[in-house]
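Inspection log for the structure reproduced underneath, given as C-alpha coordinates.
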Amino acid sequence: MGRVIAIANQKGGVGKTTTAINLSACLAEAGKKVLVIDLDPQGNTTSGLGLDKDELENTVYQLILNETTLRDSMYKVEGIENLKIIPSDVNLAGAEIELIGLEEKEYILKNEVDYIREDYDYIIIDCPPSLNMLTVNAMTTADSVLVPIQCEYYALEGISQLIHTIDLVQERLNDKLKIDGVVFTMYDSRTNLSSDVVDTVKNNLDAYVYQTIIPRNVRLAEAPSHGLPINLYDGKSAGAESYRNLAKEVIARG
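Heads up: the sequence shown begins at 8 in the working numbering, then just goes up one per residue.
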(Lines of atoms letter the chains of each structure in order from A and count residues from 1; the text may use other names and numbers.)
(Lines give C-alpha, C1' and ligand atoms only; values in the text may rest on other atoms or scores of the structure.)
Protein backbone atom coordinates (compact mmCIF):
# COMPACT_ATOMS: atom_id res chain seq x y z
CA MET A 1 0.00 0.00 0.00
CA GLY A 2 1.29 3.47 -0.89
CA ARG A 3 2.77 5.75 1.72
CA VAL A 4 0.94 9.09 1.97
CA ILE A 5 3.01 12.07 3.12
CA ALA A 6 1.51 15.51 3.72
CA ILE A 7 3.99 18.37 3.42
CA ALA A 8 2.79 21.04 5.82
CA ASN A 9 3.81 24.23 7.56
CA GLN A 10 1.34 27.06 7.98
CA LYS A 11 4.20 29.55 7.77
CA GLY A 12 4.61 30.66 4.15
CA GLY A 13 7.89 30.79 2.24
CA VAL A 14 9.57 27.85 3.97
CA GLY A 15 10.15 25.71 0.86
CA LYS A 16 7.03 23.58 1.25
CA THR A 17 6.01 23.63 -2.41
CA THR A 18 9.64 23.40 -3.58
CA THR A 19 9.94 20.27 -1.45
CA ALA A 20 6.67 18.80 -2.75
CA ILE A 21 7.75 19.30 -6.38
CA ASN A 22 11.32 18.11 -6.10
CA LEU A 23 10.91 15.29 -3.59
CA SER A 24 8.14 13.85 -5.80
CA ALA A 25 10.25 14.17 -8.95
CA CYS A 26 13.30 12.58 -7.30
CA LEU A 27 11.24 9.70 -5.87
CA ALA A 28 9.89 9.08 -9.39
CA GLU A 29 13.41 9.33 -10.83
CA ALA A 30 14.42 6.61 -8.34
CA GLY A 31 11.82 4.32 -9.95
CA LYS A 32 8.95 4.84 -7.50
CA LYS A 33 5.36 5.37 -8.67
CA VAL A 34 4.36 8.78 -7.33
CA LEU A 35 1.16 10.83 -7.24
CA VAL A 36 1.27 14.48 -6.16
CA ILE A 37 -1.89 16.17 -4.88
CA ASP A 38 -1.75 19.96 -5.00
CA LEU A 39 -4.03 21.09 -2.16
CA ASP A 40 -2.86 24.72 -2.20
CA PRO A 41 -5.20 27.19 -3.98
CA GLN A 42 -2.14 29.07 -5.24
CA GLY A 43 -1.44 26.05 -7.46
CA ASN A 44 2.34 26.54 -7.42
CA THR A 45 3.06 22.81 -7.38
CA THR A 46 0.80 22.49 -10.44
CA SER A 47 2.63 25.17 -12.45
CA GLY A 48 6.02 24.07 -11.05
CA LEU A 49 5.46 20.66 -12.66
CA GLY A 50 4.65 22.21 -16.03
CA LEU A 51 0.83 22.35 -16.09
CA ASP A 52 -1.06 25.46 -17.17
CA LYS A 53 -3.58 26.18 -14.39
CA ASP A 54 -5.85 28.05 -16.83
CA GLU A 55 -6.14 25.12 -19.22
CA LEU A 56 -7.24 22.40 -16.80
CA GLU A 57 -10.68 20.83 -17.02
CA ASN A 58 -10.59 18.90 -13.75
CA THR A 59 -8.72 19.79 -10.57
CA VAL A 60 -8.73 18.82 -6.91
CA TYR A 61 -11.50 21.41 -6.46
CA GLN A 62 -13.91 19.47 -8.68
CA LEU A 63 -12.79 16.27 -6.97
CA ILE A 64 -13.59 17.59 -3.48
CA LEU A 65 -17.01 18.77 -4.65
CA ASN A 66 -17.65 15.33 -6.20
CA GLU A 67 -17.93 16.81 -9.70
CA THR A 68 -15.27 14.51 -11.16
CA THR A 69 -13.55 11.21 -10.41
CA LEU A 70 -10.06 10.80 -9.02
CA ARG A 71 -8.73 9.24 -12.20
CA ASP A 72 -10.26 11.96 -14.39
CA SER A 73 -8.50 14.63 -12.32
CA MET A 74 -5.02 13.08 -12.74
CA TYR A 75 -2.52 14.44 -15.23
CA LYS A 76 0.80 12.98 -16.32
CA VAL A 77 3.90 15.09 -15.65
CA GLU A 78 5.86 15.50 -18.88
CA GLY A 79 9.41 14.18 -18.85
CA ILE A 80 9.06 12.00 -15.76
CA GLU A 81 7.94 8.43 -16.30
CA ASN A 82 6.35 7.55 -12.96
CA LEU A 83 4.87 10.87 -11.85
CA LYS A 84 1.25 12.06 -11.96
CA ILE A 85 -0.44 15.07 -10.38
CA ILE A 86 -3.92 16.07 -9.27
CA PRO A 87 -3.65 19.83 -9.91
CA SER A 88 -5.10 22.86 -8.16
CA ASP A 89 -6.21 26.34 -9.13
CA VAL A 90 -7.59 29.47 -7.46
CA ASN A 91 -11.13 28.02 -7.29
CA LEU A 92 -9.96 25.84 -4.42
CA ALA A 93 -9.88 28.94 -2.21
CA GLY A 94 -13.69 28.76 -2.05
CA ALA A 95 -13.81 25.10 -1.04
CA GLU A 96 -13.82 25.90 2.67
CA ILE A 97 -17.18 27.68 2.37
CA GLU A 98 -18.68 25.05 0.07
CA LEU A 99 -17.82 22.29 2.54
CA ILE A 100 -19.78 23.91 5.39
CA GLY A 101 -22.53 21.60 6.58
CA LEU A 102 -21.30 18.54 4.66
CA GLU A 103 -21.20 15.26 6.56
CA GLU A 104 -17.74 13.77 7.10
CA LYS A 105 -16.13 16.77 5.37
CA GLU A 106 -12.81 15.98 7.07
CA TYR A 107 -12.58 12.69 5.14
CA ILE A 108 -13.51 13.77 1.58
CA LEU A 109 -9.96 13.45 0.22
CA LYS A 110 -9.21 10.27 2.19
CA ASN A 111 -12.30 8.53 0.81
CA GLU A 112 -11.11 9.26 -2.73
CA VAL A 113 -7.44 8.42 -2.20
CA ASP A 114 -8.20 5.09 -0.49
CA TYR A 115 -9.35 3.76 -3.88
CA ILE A 116 -5.93 4.23 -5.51
CA ARG A 117 -3.42 3.95 -2.63
CA GLU A 118 -2.26 0.55 -3.79
CA ASP A 119 -1.43 1.89 -7.26
CA TYR A 120 1.36 4.15 -5.96
CA ASP A 121 4.48 3.83 -3.85
CA TYR A 122 4.18 7.43 -2.63
CA ILE A 123 1.38 9.99 -2.55
CA ILE A 124 2.68 13.46 -1.72
CA ILE A 125 0.20 16.16 -0.64
CA ASP A 126 1.22 19.82 -0.81
CA CYS A 127 -0.84 21.58 1.90
CA PRO A 128 -1.88 25.24 1.89
CA PRO A 129 0.07 27.60 4.18
CA SER A 130 -2.71 27.62 6.79
CA LEU A 131 -4.36 25.19 9.20
CA ASN A 132 -7.76 25.02 7.50
CA MET A 133 -10.15 22.28 6.38
CA LEU A 134 -7.99 21.49 3.33
CA THR A 135 -5.01 20.83 5.61
CA VAL A 136 -7.19 18.70 7.90
CA ASN A 137 -8.27 16.68 4.83
CA ALA A 138 -4.60 16.16 3.96
CA MET A 139 -3.86 14.98 7.49
CA THR A 140 -6.77 12.54 7.66
CA THR A 141 -5.53 11.08 4.36
CA ALA A 142 -1.82 10.95 5.27
CA ASP A 143 0.25 8.46 7.18
CA SER A 144 2.69 11.16 8.20
CA VAL A 145 3.50 14.87 7.98
CA LEU A 146 6.83 16.17 6.65
CA VAL A 147 7.62 19.65 7.98
CA PRO A 148 9.97 21.91 6.00
CA ILE A 149 11.66 24.52 8.19
CA GLN A 150 13.51 27.49 6.71
CA CYS A 151 16.89 28.30 8.24
CA GLU A 152 15.96 31.77 9.46
CA TYR A 153 15.42 33.62 12.72
CA TYR A 154 11.68 32.89 13.11
CA ALA A 155 12.00 29.23 12.11
CA LEU A 156 10.17 27.83 15.14
CA GLU A 157 7.34 30.37 14.94
CA GLY A 158 4.06 28.52 14.47
CA ILE A 159 5.62 25.05 14.68
CA SER A 160 4.07 24.42 18.10
CA GLN A 161 0.64 25.27 16.63
CA LEU A 162 1.23 22.87 13.72
CA ILE A 163 2.25 20.09 16.12
CA HIS A 164 -0.85 20.81 18.22
CA THR A 165 -3.01 20.44 15.08
CA ILE A 166 -1.28 17.17 14.17
CA ASP A 167 -1.89 15.89 17.72
CA LEU A 168 -5.59 16.87 17.54
CA VAL A 169 -6.06 15.14 14.18
CA GLN A 170 -4.28 12.06 15.53
CA GLU A 171 -6.49 12.04 18.62
CA ARG A 172 -9.85 12.65 16.92
CA LEU A 173 -9.66 11.85 13.19
CA ASN A 174 -6.64 9.74 12.21
CA ASP A 175 -4.97 7.77 14.98
CA LYS A 176 -2.24 6.54 12.60
CA LEU A 177 -0.95 10.02 11.78
CA LYS A 178 2.57 10.87 12.93
CA ILE A 179 5.24 13.47 12.23
CA ASP A 180 7.45 12.01 9.51
CA GLY A 181 10.22 14.46 10.33
CA VAL A 182 11.69 17.90 9.78
CA VAL A 183 13.70 18.93 6.74
CA PHE A 184 15.76 22.13 6.78
CA THR A 185 15.52 24.33 3.68
CA MET A 186 17.28 27.44 2.34
CA TYR A 187 20.43 26.66 4.30
CA ASP A 188 23.25 29.14 3.76
CA SER A 189 26.58 27.72 4.88
CA ARG A 190 28.12 31.22 4.83
CA THR A 191 26.06 32.40 7.80
CA ASN A 192 26.19 31.46 11.45
CA LEU A 193 22.41 31.93 11.62
CA SER A 194 21.64 28.86 9.50
CA SER A 195 23.70 26.52 11.67
CA ASP A 196 22.30 28.16 14.85
CA VAL A 197 18.73 27.52 13.61
CA VAL A 198 19.53 23.87 12.90
CA ASP A 199 20.98 23.43 16.40
CA THR A 200 18.03 25.24 18.06
CA VAL A 201 15.41 23.13 16.27
CA LYS A 202 17.25 19.89 17.04
CA ASN A 203 17.39 20.84 20.72
CA ASN A 204 13.79 22.00 21.02
CA LEU A 205 11.74 19.81 18.70
CA ASP A 206 10.93 16.22 19.58
CA ALA A 207 10.85 14.96 16.00
CA TYR A 208 13.07 13.12 13.56
CA VAL A 209 15.37 15.50 11.67
CA TYR A 210 16.41 14.48 8.17
CA GLN A 211 20.17 14.46 7.65
CA THR A 212 19.76 16.02 4.21
CA ILE A 213 19.70 19.81 4.37
CA ILE A 214 18.42 21.72 1.33
CA PRO A 215 20.77 24.62 0.45
CA ARG A 216 19.82 28.09 -0.72
CA ASN A 217 20.43 27.57 -4.44
CA VAL A 218 19.87 29.83 -7.46
CA ARG A 219 19.03 26.97 -9.85
CA LEU A 220 16.47 25.65 -7.35
CA ALA A 221 14.80 29.07 -7.29
CA GLU A 222 14.78 29.35 -11.09
CA ALA A 223 13.32 25.91 -11.87
CA PRO A 224 9.60 26.61 -11.10
CA SER A 225 9.46 29.51 -13.57
CA HIS A 226 10.38 26.99 -16.28
CA GLY A 227 7.75 24.49 -15.10
CA LEU A 228 10.42 21.92 -14.29
CA PRO A 229 11.56 20.09 -11.16
CA ILE A 230 15.22 20.66 -10.35
CA ASN A 231 16.37 17.21 -11.52
CA LEU A 232 15.16 18.09 -15.05
CA TYR A 233 16.11 21.77 -15.00
CA ASP A 234 19.67 21.30 -13.74
CA GLY A 235 20.34 17.73 -12.64
CA LYS A 236 23.92 18.49 -11.57
CA SER A 237 23.11 21.43 -9.29
CA ALA A 238 23.50 21.34 -5.51
CA GLY A 239 19.71 21.62 -5.20
CA ALA A 240 19.12 18.54 -7.37
CA GLU A 241 21.69 16.52 -5.45
CA SER A 242 20.10 17.52 -2.13
CA TYR A 243 16.60 16.47 -3.17
CA ARG A 244 17.92 13.18 -4.55
CA ASN A 245 19.52 12.56 -1.15
CA LEU A 246 16.27 13.47 0.62
CA ALA A 247 14.38 11.04 -1.61
CA LYS A 248 16.88 8.31 -0.71
CA GLU A 249 16.35 9.04 2.99
CA VAL A 250 12.55 8.94 2.61
CA ILE A 251 12.79 5.59 0.80
CA ALA A 252 15.21 4.20 3.41
CA ARG A 253 12.83 5.16 6.23
CA GLY A 254 10.02 3.37 4.27
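Where a beta carbon is used, it is the ideal one built from N, C-alpha and C, also for glycine.
Beta-bridge partners of residue i, as assigned by DSSP
{"i": "Ile14", "result": "Asp133 and Leu153"}
{"i": "Val43", "result": "Ile92 and Ile131"}
{"i": "Val189", "result": "Val154 and Val216"}
{"i": "Lys83", "result": "Lys91"}
{"i": "Pro222", "result": "Tyr194"}
Beta-carbon proximity check, residue i vs residue j, cutoff 9 Å
{"i": "Gly246", "j": "Ile221", "result": "yes"}
{"i": "Cys134", "j": "Ala15", "result": "yes"}
{"i": "Thr142", "j": "Leu184", "result": "no"}
{"i": "Ile44", "j": "Ile107", "result": "no"}
{"i": "Ile123", "j": "Ser151", "result": "no"}
{"i": "Lys83", "j": "Leu77", "result": "no"}
{"i": "Ser249", "j": "Tyr129", "result": "no"}
{"i": "Ile132", "j": "Val11", "result": "yes"}
{"i": "Leu116", "j": "Asn144", "result": "yes"}
{"i": "Val176", "j": "Tyr217", "result": "no"}
{"i": "Leu163", "j": "Leu235", "result": "no"}
{"i": "Lys23", "j": "Tyr161", "result": "no"}
{"i": "Asp126", "j": "Lys39", "result": "no"}
{"i": "Leu34", "j": "Ala254", "result": "yes"}
Environment of residue i [buried if 16+ CB atoms lie within 10 Å]
{"i": "Met8", "result": "exposed"}
{"i": "Ile173", "result": "buried"}
{"i": "Ser232", "result": "exposed"}
{"i": "Val257", "result": "buried"}
{"i": "Leu200", "result": "exposed"}
{"i": "Tyr240", "result": "buried"}
{"i": "Leu109", "result": "exposed"}
{"i": "Ala228", "result": "exposed"}
{"i": "Gly55", "result": "buried"}
{"i": "Ser196", "result": "exposed"}
{"i": "Glu119", "result": "buried"}
{"i": "Asn224", "result": "buried"}
{"i": "Ser167", "result": "exposed"}
{"i": "Thr198", "result": "exposed"}
{"i": "Asn181", "result": "buried"}
{"i": "Ile104", "result": "exposed"}
{"i": "Arg251", "result": "buried"}
{"i": "Asn73", "result": "exposed"}
{"i": "Asn29", "result": "buried"}
For the stretch 38-52 against the stretch 93-105, do three or more pairs of beta-carbon atoms, one drawn from each stretch, fall closer than 8 Å, so that the two count as touching? yes
For the structure I just gave you, are there three or more beta carbon pairs, one from the stretch 156-173 and one from the stretch 194-211, closer than 8 Å? yes
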